[in-house]
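Novice:
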Amino acid sequence: MSNVNKPSDLGRQFWISSLVTLSLIAMGLAWAGFGWLKYGVWMHNGPGAGFFPLVMGLGAALLGGYELLRRRWIADQVGLRNLWPAVAMGIAIATIPLFGMVLAMTLFIVMWMALVEHQSWLKSILIGGGAGGVIYLLFGMWLMVAFPQGALIGWLS
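In our numbering, the protein residues as written are 1 to 157.
#1: Taking the alpha carbon of Ile25 as the reference point, which residue from Ile16, Gly154, Tyr66 has its own alpha carbon closest?
#2: Beta carbon of Gly150, beta carbon of Pro85: below 8 Å?
#3: Taking Cβ positions only, does Leu152 come closer than 8 Å to chain C?
#4: If you draw a straight line from the C-alpha of Ala194 to the C-alpha of Tyr39, how long is it?
#5: Nearest to Pro47 by CA position, among Leu107, Gly35, Leu19, is which residue?
#6: For the pair the stretch 139 to 149 and the stretch 110 to 118, tell me if three or more CB-CB distances fall below 8 Å.
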């Protein structure tokens, strides 16, 4: 019998994965709270800067709650590879003050596709750049959401 199948290991894995899920719920509720209370959801007959964080935060919290409710008592093995999305998103969020929101998310998509999904660099750059362009056009130009610009933009100006 391997170590993964020991009851003590399964219990520990269950609690670790539950902690990750509870963290997702807490982060989702925090984003929703910031969107609702700090940025404003609806302004001037249209969506405000807090609309997207509210919707995405509530979505993350609801999906996390669903995951907790449907979880079986026998947990799958939780390894370091399962933490890659959280670590990658943490790095992307940490780079927003330097690169700005749109560029940080664009770089996140490019790096994720190339390094984690093992796509070609060309495909990764095209899709990441396209996604960044759509984010900028949709939220920055059309909805007039004021994204953080980052220090890099200030240095280049």
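In this text, a Cβ means the ideal position worked out from N, Cα and C, and glycines have one as well. Source: prediction; values computed, not measured.
Specialist: On the basis of the coordinates in this document:
#1: Tyr66
#2: no
#3: The displayed structure is made up of one protein chain only, and chain C is not part of it.
#4: Residue 194 is absent from the model: the chain starts at 1 and stops at 157.
#5: Gly35
#6: no
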